[in-house]
Structure formats: structure tokens, C-alpha cells
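Undergrad:
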Amino acid sequence: MAPDTDVTGIDEITVVPHTHWDREWYLPFQRFRAGLVRMLDRVLDALAADPAHRFTMDGQLAALEDYLEVRPERRPLVEALVAGGRLAAGPWLVLADEFLCAGETLIRNLEYGVRGAEELGGAMRVGYLPDQFGHCAQMPQILRLAGFEHACLWRGVPARVDRAAFAWTGADGTAVRTQYLPGGYGNAAHLLSGPAEALADRLAALTETLRPWHPDGPVLAMYGNDHTTPDPGVTAAGLRLATLGEYLAARGPSVDGLPVVEGELRSHARAHLLPGVVSARVPVKRAMARAERVLIRYAEPLAALWLPGGAAEGVRGPHGTSDGVHGPQSTSDAGPDDVSGAARPDGAGSAARLLLDAAWRRLIACSGHDSVTGCGSDETAQQVAARIAEAEQTAQAVVDLVGASLADRAGRDRLVAVNPSPFTRTALVLADLPEARSRLLGPGGEPVPLQRLELAPTLLGETVVDDLTRLLGRIHDRETSGQEIVSWSAEEDLFTVVVGRHGSSGYDYADLRRAVLDGAAARPGPWRVRTLAEPVVTVAALVTVPPLGRTVLTAAPVAGATTESGPAPEPSTPEPSIVESPSAELSVQGPPAVETPVRPDGAAASRSPASAPDGPRWSRPAEGVLDNGLLRVAVAPDGTLSLASRDAQTHGVGRIVDGGDAGDTYDHAPPRHDLQVDTPVSVEVESVCAGPLVSVLEIRRTYRWPVESWEHGRSEDTEPVTVTTRAELRAGEPYLRLETSFDNRARDHRVRWHAPLPRPAAESFAEGQLAVVRRGLTAEGGCGEHPLPTFPAEGFVAAGGLAVLLDQVTEYELTGGELALTLLRSVGHLSRDRNAHRERPAGPQLPTPAAQCPGPTAMRFAVLPHAGTWDEAGLPRLAEEYRHELLAVPGSGGDACASPAAGPTAGPGGRLCVEGRGVVLTALRERGHALEIRLVAEHPAATEAVIRGSFTAARRADLLGAAGERLEVTGGAVRLPLRPFEIATVHLIG
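With my numbering, you'll find the sequence shown wraps up at 989, consecutive numbering, no jumps.
#1: For my contact list, Asp660 and Ser825 are in at a C-beta cut-off of 8 Å; report their separation, rounded to the angstrom.
#2: Between the C-alpha atoms of Pro570 and Gly444, what's the straight-line distance to the nearest angstrom?
#3: Ignoring anything shorter than 3 residues, give me the beta strand (DSSP E) runs that lie fully in the stretch 752 to 822, in order along the chain.
#4: Please name the residue, chosen from Gly827, Phe132, Ala861, that lies closest to Thr847 on a Cα-to-Cα basis.
#5: Which residue spans inside the stretch 677 to 702 form an unbroken beta strand (DSSP E) run of at least 3?
#6: For the pair the stretch 186 to 195 and the stretch 948 to 955, tell me if three or more CB-CB distances fall below 8 Å.
#7: Just to confirm my understanding: we take Glu759, look at its own chain, exclude 5 residues before and 5 after, and list those with CB closer than 8 Å. What are they?
#8: The beta strand (DSSP E) that contains Asp742, what's its start and end?
#9: Less than 6 Å between C-beta atoms, sequence neighbours within five positions excluded: which residues of the same chain meet that for Gly623?
#10: So, is Trp752 buried or exposed, given that buried needs 16 or more other C-beta atoms within 10 angstroms?
#11: Rounding to the nearest angstrom, what Cα-Cα distance links Arg974 and Gly873 in this structure?
#12: Of all the options Gly133, Glu738, Gln140, which has the alpha carbon lying nearest to the alpha carbon of Asp957?
#13: Please name the residue or residues paired with Glu1010 in a DSSP beta bridge.
#14: Quick test of your reading: Leu99 and Val277, contact by CB under 8 Å. State the CB separation rounded to the nearest angstrom.
#15: Do Glu779 and Ser266 have their C-beta atoms closer together than 8 Å?
#16: What residues are listed by DSSP as bridge partners for Met858?
#17: Give a yes or no on whether the C-beta atoms belonging to Ala922 and Ile363 are separated by under 8 Å.
#18: Can you tell me whether Gly323 is buried or exposed, with buried defined as 16 or more other CB within 10 angstroms of its CB?
#19: From this set, Arg736, Ser694, Ala668, Pro691, which residue's C-alpha is nearest Gly712's C-alpha?
#20: With a CB to CB cut of under 8 Å and the five nearest residues on each side skipped, what residues in its chain are close to Leu629?
#21: On the three-pair Cβ rule with 8 Å, is the stretch 82 to 95 touching the stretch 41 to 60?
#22: Where does the unbroken beta strand (DSSP E) through Leu920 begin, and where does it stop?
#23: Alpha carbon to alpha carbon, what distance is there between Glu931 and Ser404?
#24: Would you list, in sequence order, the uninterrupted beta strand (DSSP E) runs of no fewer than 3 residues that lie entirely inside the stretch 138 to 210?
#25: So, at 6 Å on beta carbons, what are the nonlocal neighbours of Cys365 in its own chain, with the 5 sequence-adjacent residues on each side left out?
#26: Where does Cys135 sit, in a helix, a strand or coil, going by DSSP?
#27: Please report how far the alpha carbon of Glu943 lies from the alpha carbon of Phe422, in whole angstroms.
#28: Leaving out five residues on either side along the sequence, give the residues of the same chain with a beta carbon under 6 Å from the beta carbon of Ala394.
#29: Quick one: using the 10 Å Cβ neighbour count with 16 as the cut-off for buried, is Asp65 buried or exposed?
#30: By the 10 Å Cβ neighbour count, where 16 or more other Cβ atoms means buried, how is Leu471 classified, buried or exposed?
#31: Give the straight-line distance between the Cα atoms of Val985 and Arg210, rounded to the nearest whole angstrom.
#32: Assign Pro16 to buried or exposed, taking buried as 16 or more other Cβ atoms, counted over all protein chains shown, within 10 Å of its Cβ.
#33: List in chain order: all unbroken beta strand (DSSP E) runs of 3+ residues lying wholly within the stretch 345 to 427.
#34: Would you call the stretch 739 to 748 and the stretch 237 to 251 in contact, with 3 or more CB pairs under 8 Å?
#35: What are the start and end residues of the alpha helix (DSSP H) that includes Ile988?
#36: Do the stretch 536 to 548 and the stretch 410 to 425 make contact, defined as three or more Cβ pairs closer than 8 Å?
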């Protein structure tokens, strides 16, 4: 477009050329990337040709990284443009949904984005959040702790904001100057559309529209939109161009005199909020939460604390020991400032660092606002699920490395229990023990409370062979059937091989071969070949483990048991040191970081339940009742539950309600004539196990649900669906663990779990993204979208004396005096052109049959009635315990010098411990030669965090790792006064 000398008013407007680029949405990533390459080819050519041109790359670095993977030869040009300030890169890696990932994931997203953009020449220092479906309460603090003075956003802004800038105050009181984008991030997308001679008219109309929002200074015109390329003639039009960072830098960071908006931004008044994404494709949310938990709270902290060569070797217990981890000690004399985060090549932790980086990159990529939200095509959802799974598997590989390191330093008769929490825990672990050695002793020889859960089958297989010597082809040294050979015998036509996880030390393949050949010579066949496993019993053990430390348990013979060599000896009280015992063996089921450990499922159908012994303080409850002294649970005839604690009680918990959903992945919309089904046609209750440590009931309720729904109503055809609720009560826990599962055979419907509130409530409190947010019973409407008062919660939700502890982000609503959780929402379209709860489409009307979520589904959570407020009930602490199981690692006997003691102590007995009311650990990792620990005060009043360990120096840091003020270390402790909901990052140097 040629310059128009008649254009007036150009000084009143600043144009920011940009694009909003969804990495994946209605098309999968690679198909969108092809368009990205075409767009950036043209943009870079225009930037190279015209020094006046500017371009803002959507606030997410990933788009540039995706481009440079295809066009690596253009990296020098990109670096020159970024360094010159004409191409704005970052600050985020991706534009994440702020409610569907953990707060720590948001922080790492910013860290990766800023670091990568700096490598290209510089990061845009604006918290640009153009298209997220609302904004979390801690975002102002996150941005300010990263050194940012500006935010810029569109959705979620309440109606009371009447200008384009406001002071956004976070959960802790931190304020950031925030630029609102009236009309959205494409409010000037059509500025250059149409004839050149009409540009002045278009400018005047745009200025007239935007000027009321900008009382002074030039108005902000966002020239770009979804997947668009700015016209290179924008510079020839004589307009004032800038990057977003340049425009906001000229405005200054002051919030004086600006309207104040506090907390999260979830209003529908100014733009579609699209809250249904919280419950679209629920399995993706479950997978995301699981992957985050394995990475953030198991892989990263355990690698820092336990892998040889890690930074934790400098943060030792008061006795100067290394807790049995015999890797090379750090000889670095780096001071507190040496926390660059650069990975050292030495030590076993180097592989873990690379794996952790890979896991983080995959996880962050999946947090995108069109990725984890589930509002993309089915192809996109499949790829997101695969990347989340890869992130979890990569993180689990690091946990496996840690487990192998710990296992090598414990004998084969030992079980290492590891505590992921920064305070002492007494909790259950599962172990498979040889029946002859099915007792566990603590480090000092004291018996560990146990409960037998089930006895594993001993018959693994039986075949008939004509030639017995063929058996030798199935044996690899001492391994067969995936286990090690313990013994063998031949009787008449039966040859029996006994296997176990660890074989006996007296095994010799030559002896076995001789026995097979002798048998074949004596009897030509046919032969029956039987493979037996040593009798193994699954036990639940109640173990006390120090903060972020370990406790090593020893398997001991049961009185009267026999072994291969005769009666098992009665143990004497052992000294707290490892003595190798290669003939003993034990194993554990599955990593507790991923699944609830006390679960007689899956293989349970092929196992014989072992009776639970009565303990001196436990008596078997009545049928259909669970009671651990803290909580009493009774099943009603309709399958709902009554819960009673010392201070509170409620009845009718767990009513299942199925209703129609004629909406889409963005918005729930009930049919005009909805039919809600909440009455089962049959109820069955079964006691799975009952004992002093854990008791489980299984409640099966069968319903008849309409097979489909549409805009006007629901189908008369129904499908029988059995909803199974597993109710588990453990010793010492004031809450009931629940798992609700069913096989989804219906379409276009929503299934919710309801629980009556013990007392009336006009507000709820939900934990998520490092804050506890208070919400009312309604949402602010406007902009053509029904303000459905459903909300997300990550860690817990509480209202009216009832709390639910969560292990994934879950949609909830307070309705009719009840708390409702969405278990599943089945829809068949990405967006519907006609949605009863939304006037305009949110995207293309694309069929998404996989978003119906057919097949088996399950959700886990825990429920408890409580007195007082959420903080008086200690819900942050309970959520920490519920979400983070102890990790159990069987010893492999790799190091005869191992010690069963807990290792170095910090305060009451762990490597590192954190104290403080409402203080929550959010991250612990190696950063350079320091341990970086991040805490948040999830407490409504000021509190104090106390970090104890044997570090010699400490200092605060910002969220990007830059060192801050030095902290006083007194008596091996650092004390941090914290504001309500303040986030604190500390570097500890040994």
C-alpha cells in the first residue's frame, strides 16, 4: 500500500503487527507448522527489506523454534532481528492454559521461553497472554518475580474495567500493570483491508472505537489475528509501528490511579471465557496431572537428592554423611552466586538432567491453550496424549535411575521407602514378600505394622513336551519366565522349576542341565513341565519416613515358616546396618507416584485373597461400614455414603447424576428438555478387604442412561451402565479415598458426582496454581455466553464443611446445596454453530467423535467432612499427603556397604525439611551447584517457612534463577517470613 498523504490521526494510534499462532488446534501440529513456515518466510523477508517494519511473534518462543527446525539457515537473520528489537520473541515457550496445568509448569514455561529467547538475542519483557481462557490468581506475582512490569491480555476482564490499563493484583497482593485489549488481539486486523484511499476513514473509526479505553496517549491497535500474515505494505502506509514491548515500555510500569482488579480473571463480560474446556476430554487432564506429579515431585527432587554427583551432595546431614549414596563428592567451592543452572558433565546425575529437560519440554508443549484443553481435533488430541505420555515416561525413567541407585545400596531382603514430602510421613507402602519372610522390621529391628492383602498364585504355567531337553532352550543362564530359578525337581513324569525375583546363591546351570538330561534319559516322555513361583504375599506396611528421606526395612521370617534349607531362623534384633542376605527377596507393585498403591485390582482376579489379621486396636466393622477411628463411613441402600468425623458429618455423598449435553468442547449446554438420571436400578456392595491398616468396599450401581442427546432432548433408548465406586479407608487418614469408574456407552451427556454440604455455603475455596481462590455461586455474564458457574480446582475444593482432595484438575459447581464434580463430559463437536449457552461459534463445527470419551473411564479423589475453615482443617497438608504416595524400592544387593538407617538427618531426621503453617513445597531441583527449593504460603494470614538442613549458605532467587538477597543461616535453618500466598525461591549451598 502506497503512503497516503491525506491520512490523519496517525499520531493517535500505534500499530503492532503480529499474529496469533495456534501450534495445534483444528489441525494437528505439523499441518499448522507448514502454514507457520510460509507466514514467517514472508514476515522475515519483509523485516529484512524494511528497517521500519516490526513484528511480535505472539508471545511464544515455540513458534520460532518450530520454524527454525525447518529453516535452520535463517537463524542468523532471526537472531539479528531479535537483538535489534524489531522481532519480539518470547517470553513464554507456549501460550499455556493457566488453569489446566500446575503453577510450577507455568513458571517453567516462562523460564524456558525467556532463556530460549535470550539465546536468540533477547526476550520480550511483557507477560503477553492474548487468548487464554481466563487467568489464574498468581499470574501477577509470577510475572513480577520474573522481573516483568507489564501484562497484556484479553479474556476474563470484568465489566467494571472501563479503560485499557488496570492494576492487576495477585493472590499475595502483588500488582502488575496490565494492558487490556478491547476488541481482542485482532482489534485492528482489518486495518489495511479495502482500498488505500479509505485508510483514513478506517483509522478514524478505529480510533473512535478505542479512544474511550485510552484516555491519553496513542491507542493500541493489534494488527493481526489467528494464523494471519501482516501486509508488508503496513510500513508504507505511514503508520507508527512498534512491537508490543516497545508500546508498553513507553507507557511505564506505574499502576497509580489505575482501576484495581484482584485475583483470578474469569469474567464472561468482555469475551467468551469458554469454561467447558475444563471438562472436555477428561482423560487428557488426568494424564497431564499424573505426568506433572511424576516430574515435579518425584523425578526432579529425587534426582537432586539421591543421584551421585548431584547438588545435594553438598547439602548433607549434620553428621557429614552422604546417606549411603556413594557417588563422588562435590569438590566445588562455588559460592552462593554460582547457581547458573549449567549441567555438570560429572556424576550419575548428568543423564538425569538431560532426561528431565526433555520431559519438561514435552510437558510444557502439552500445556498449550488448544492442547491440554481438549478443544482441538481428534488428531490433535491423540498427539497431545502421546506427548504427555512420553513426558511421564521420561520422568519415570529418572525415577527408575534413582530407584536403581537406592536399590543397589540395599540388600535383597530390604525395602527402601522414600518420602517425597518435606515433613515426616507415616503412610502405607505395598510390598510383595516371600511368604516365609513376610514380616518387615524397621531400621532398629522394631516390627513394622503389616496387613496381608492377597496371596499371589504359585502356578505360572504347565506344558507337555515330548522331549524334556527342550526345557533347556527356555532357560537363559538362570532366568526363565522372567524370573530367576530357585530350585527344581523331577518326579515320575513331572519336572518342576521354582522361580523367584532373586534366585538362591547356590544355583549352578550345570546341575540343572544334568538333572534335565538324566530325567530325559530315564524316561523318554511325554513330560509335564510345571513352573511355580515361590509363594508371595502382598502386604500393606505402615512406615514412618523422615522428610525427603528414606527408611530401609528388612524382610524377616515368620514364626514357623520353612525355607529351602529347613525351618527359618527366628530373627534377633538387628543392628541398624545392612547385612547382605542374597537368599531373601522382595518386590513392590508399581510406582506409587503413578498409581494408588493399595489396589488389589488387575491381577487380583487371579489371586486368592488373604485374610486380614485382627490387631489389638482394630475390630472388624459391620457389613457396609468402614471405620478407622477418625472417620466412619456407612453405605446407604441407594449406594450413597454417610461420613462422620468427630466434628462433622454428611449423608448422601456420591450421588451420580447423568444429564444431557448438547454443547461442544468449549461450552456445556443442556438440552432444552433435559432428562437427568440419578436413581440406580440396582445396588451391590462388596467388602474387598478389611483390616487394621486398610479397608476397602466396592459399591456397584447400575443405571439406565439415554444413549444420546441433542438440542431438544434425550433419547428414549437407554443403555445399562454400572458405576463402580471403590471406597478405601486407611489408618491415620481423616479422609475417604474414592475411585469412581464406568464404561461410557452413551453420547452427548455429562456425568457428575454430588455430595450434600454439611452446612449452607455461599462460596467455595479451590486450590490451584499456587493459590486458594474464593468463589461465589455465580459468574459474571456478558458477551453472548451464559455464565455457567462451573470452576476448575487442582488440589482441593471445599465448601460448607465438605472438602474434596483431588489428583487432577477437576470441574466443580456448587448447586442446590451440593458440591458437584464432573466425572465425564461427552461431546461430539469441537464447536457447534448453535450452542444454547453461546451466541457465536468458538471455532469450526468439526466432528470430534473421540471427545465422546467412549470406553472405560475412572476418576480418583478423596472426601472428608470438616469443622472450621479450609485452613483450620489443614487442607493443603492433607492434599500434599493424598497426592504424593511414598515411593517403595526393593533392594537388589548391589552394595554390601549399604546401611538400613535413614541416613543423614536434618532437623527431625531427613535430608531437608520444611516447616510452617500452610507452607507448601512446589519444586525442588538441582540448579548449578545449589539446591533450588520453591515454596508457597497457602495460608490466608502471614506465616513463616523454616527450611532445615546442613547447608552453609542460602539466598533468595527470582523465578528465572537470578540470585537475590543473602539469607541468614542459624543452626542449620533459614527462616522466611511469608505473606499470604507468597511464592519464595531459595538457593541452598552446602
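No residue lacks a Cβ here, since even glycine has one placed at the ideal position from N, Cα and C.
TA: From the atom records:
#1: Their Cβ separation, rounded to whole angstroms, is 7 Å, which keeps Asp660 and Ser825 in contact under 8 Å.
#2: Note that Pro570 scores 41 on pLDDT, short of 50, meaning its location in the model is unreliable and no value can be drawn from it.
#3: Listed in chain order, the complete beta strand (DSSP E) runs (minimum 3 residues) inside the stretch 752 to 822 are 763 to 767, 770 to 774, 790 to 792, 795 to 798, 801 to 805, 809 to 814.
#4: The residue with the shortest Cα to Cα distance from Thr847 is Gly827.
#5: Qualifying beta strand (DSSP E) stretches, in chain order: 681 to 688.
#6: Under the Cβ criterion (8 Å, minimum of three pairs), the stretch 186 to 195 does not count as touching the stretch 948 to 955.
#7: In the sequence under discussion, the amino acid at residue 759 is Pro, which differs from the Glu named in the question. Taken in chain order, the residues that qualify are Gly799, Gly816.
#8: Here the beta strand (DSSP E) through Asp742 covers 735 to 743.
#9: Non-local C-beta neighbours of Gly623 in its own chain, meaning closer than 6 Å and more than five positions away in sequence, comprise Val634, Val684, ordered along the chain.
#10: With a threshold of 16 other beta carbon atoms within 10 Å, Trp752 meets it and is buried.
#11: Between the C-alpha atoms of Arg974 and Gly873 there is a straight-line separation of about 21 Å.
#12: Comparing Cα-Cα distances from Asp957 to each of Gly133, Glu738, Gln140, the minimum goes to Gln140.
#13: Look at the range of the chain in this structure, 0 to 989, and you will see that residue 1010 is not part of it.
#14: Contact between Leu99 and Val277 holds, with the beta-carbon distance rounding to 7 Å and staying under 8 Å.
#15: Using a Cβ distance threshold of 8 Å, Glu779 and Ser266 count as a contacting pair.
#16: Looking at the DSSP assignment, Met858 forms a beta bridge with Thr739.
#17: In this structure, Ile363 does not lie closer than 8 Å to Ala922 by Cβ.
#18: With a pLDDT of 28 at Gly323, under the threshold of 50, the modelled position of this residue cannot be trusted, and the question is left open.
#19: Comparing Cα-Cα distances from Gly712 to each of Arg736, Ser694, Ala668, Pro691, the minimum goes to Ala668.
#20: Result list for Leu629: Ser644, Arg645, Gly731, Glu732, Pro733, in chain order.
#21: Because the criterion of three Cβ pairs below 8 Å is met, the stretch 82 to 95 and the stretch 41 to 60 touch.
#22: Counting along the chain, Leu920 sits inside the beta strand (DSSP E) bounded by residues 918 to 926.
#23: About 22 Å.
#24: Here the runs fully enclosed are 149 to 152, 164 to 168, 174 to 179.
#25: Cβ contact annotation for Cys365 (same chain, cutoff 6 Å, sequence separation greater than five): Val371, Val383, Arg386, Ile387, in chain order.
#26: In this structure, Cys135 counts as coil in the three-state DSSP scheme.
#27: A direct Cα-Cα distance of roughly 15 Å separates Glu943 from Phe422.
#28: Closer than 6 Å at the Cβ level, and outside the excluded window around Ala394, lie Val293, Leu294, Ala298, Ala358.
#29: Flag for Asp65 reads buried.
#30: Exposed, because fewer than 16 other Cβ atoms sit within 10 Å of the Cβ of Leu471.
#31: Between Val985 and Arg210, the C-alpha separation is close to 45 Å.
#32: Classification for Pro16: buried.
#33: Entirely contained in the stretch 345 to 427, the beta strand (DSSP E) runs reaching 3 residues are, in chain order, 413 to 417.
#34: Not touching, per the Cβ criterion.
#35: Judged by DSSP secondary structure, Ile988 falls outside any alpha helix (DSSP H) and instead within the beta strand (DSSP E) spanning 982 to 988.
#36: Yes, the stretch 536 to 548 is in contact with the stretch 410 to 425.
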